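K.L.:
Residues -6 to 136 (the working numbering) are what the sequence shown spells out, left to right. Every residue, glycine too, gets a C-beta built ideally from N, C-alpha and C. These numbers were taken from a predicted model, which means no experiment stands behind them. The structure is given below, and queries will be raised subsequently.
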Amino acid sequence: MRMRLKTSVIVALLVGLSASCSNQTTTSPTTSLTTAAATGPTAESFSSVLGIRGATSHAFNVTTAGTITATLTSVGPPALTVGLGLGITGAGPPCSLATSINASLGSSTQVVGSVDPGRYCVQVFDLGTVTDPLAFVVTIQHP
């Protein structure tokens, strides 16, 4: 059963799923935006570099209720497992995660969430496996 992200954030904060690290490394991410047909989903590719014990996020707006998906489509070298999560954000940082997983390179959807219109974010974070800066790409689809 999918949970509404806005409701999930409250639960996530209570159980400590909110992502906050004192040693976060921030880089300048790049984003490419591709819009499908007028009624189709928006696809975005978010690429950046993840630092040791770091986290980096990308915010985006959703104008229609629907489903968000995120997939780690490129990572490394070396190909490591990293944290991948979806959450909400305000006008600026941080990205408050509602759900997250340990993600490896894949072609199938890894994180899914049902959402209402609002401002959301995807975050990639170190699980303690990153020993050198690590390049990655996440593909996001949203209404």
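Among the candidates T35, S40, G33, R112, whose CA atom is the shortest distance from the CA of F129?
P.N.:
The sequence position of residue 129 within the sequence shown is 136, counting from 1. Ranking T35, S40, G33, R112 by Cα distance to F129 puts S40 first.
K.L.:
Comparing C-alpha positions only, which one of V42, I94, D109 sits nearest to L127?
P.N.:
Start at 1 with the first residue of the sequence shown, and residue 127 comes out as number 134. When only C-alpha atoms are compared, the closest one is V42.
K.L.:
When DSSP labels each residue in this structure, what does R138 get in the three-state scheme?
P.N.:
For residue 138 there is no data in the structure shown, the boundaries of the chain being -6 and 136.
K.L.:
Among S100, V75, G59, whose alpha-carbon lies nearest the alpha-carbon of G106?
P.N.:
By 1-based counting over the sequence shown, the position of residue 106 is 113. Selected option, being the one with the closest Cα: G59.
K.L.:
Between the alpha carbons of L124 and L79, how many angstroms are there, rounded?
P.N.:
Within the sequence shown, residue 124 is the residue found at index 131, counting from 1. Within the sequence shown, residue 79 is the residue found at index 86, counting from 1. The sequence given here places Thr at residue 124; Leu does not occur at that position. The straight-line gap from Cα to Cα measures roughly 24 angstroms.
K.L.:
If V131 and T66 are in contact, beta carbons under 8 angstroms, what's the gap, nearest whole angstrom?
P.N.:
Counting from 1 along the sequence shown, the entry for residue 131 is found at position 138. Counting from 1 along the sequence shown, the entry for residue 66 is found at position 73. About 7 angstroms; that satisfies the 8 angstroms criterion.
K.L.:
Let me check understanding here. Comparing Cα to Cα, which of P136, I133, F118, Q134 lies closest to V75?
P.N.:
Here the question's residue 75 lines up with position 82 in the sequence shown. Measuring from the Cα of V75, the nearest candidate turns out to be F118.
K.L.:
Short check: CB of T35 to CB of H135, under 7 angstroms?
P.N.:
Here the question's residue 35 lines up with position 42 in the sequence shown. Here the question's residue 135 lines up with position 142 in the sequence shown. It is a contact, given that the beta carbons lie within the stated cut-off.
K.L.:
Quick one, are the C-beta atoms of L77 and V104 less than 7 angstroms apart?
P.N.:
The residue you call residue 77 lines up with position 84 of the sequence shown. The residue you call residue 104 lines up with position 111 of the sequence shown. Yes; because the gap between Cβ atoms is below 7 angstroms, this pair is in contact.
K.L.:
Under DSSP, the beta strand (DSSP E) around S93 begins and ends at which residues?
P.N.:
Within the sequence shown, residue 93 is the residue found at index 100, counting from 1. Start and end: 89 to 96.
K.L.:
Which residue wins for smallest C-alpha separation from I81, given the options G99, P110, G47?
P.N.:
As a first step, residue 81 is located in the sequence shown; it is residue number 88 there, counting from the start. Nearest C-alpha to I81: P110.
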